[in-house]
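S.K.:
Numbering (the numbering used here), first residue to last: 5 to 121.
1. Express the C-alpha separation of residue 61 and residue 54 in angstroms, rounding to a whole number.
2. Residue ranges of each beta strand (DSSP E) run of no fewer than 3 residues wholly in the region 79–110, ordered along the chain?
3. With a CB to CB cut of under 7 Å and the five nearest residues on each side skipped, what residues in its chain are close to residue 107?
4. Output yes or no for whether 9 Å exceeds the beta carbon distance between residue 90 and residue 80.
5. Do you know offhand how far residue 39's Cα is from residue 73's?
Structure representation (structure tokens):
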């Protein structure tokens, strides 16, 4: 399927994921990367993941690419589907959540969502 001119296309199987949003805090990038790897390990497509969780395919795409803050419950759901214990990813989620909310532990100047100027 082709996108309209100037619109990003979703990567197909074997293609690199879309570029992460500029200014993505390291904690948020790490969480998104870990979640992508976990999903990859399940063998589930985004559509199949959406069928098995309360989150849509487009929401999962945004979560896995760091475009939107992933809900804690989504992390737990993906861990369940992957047969993984959630503790390690929930620690990463706590760090990323602090950045998304502006409560970064070290006062990071680069919160997950780029700030509008």
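Think of the CB as a built atom: it goes at the ideal place given N, C-alpha and C, for glycine as much as any other residue.
M.R.: According to the structure shown:
1. Near 5 Å, if we compare the C-alpha coordinates of residue 61 and residue 54.
2. none
3. none
4. Annotated as proximal: residue 90 and residue 80, with beta-carbon spacing under 9 Å.
5. 12 Å
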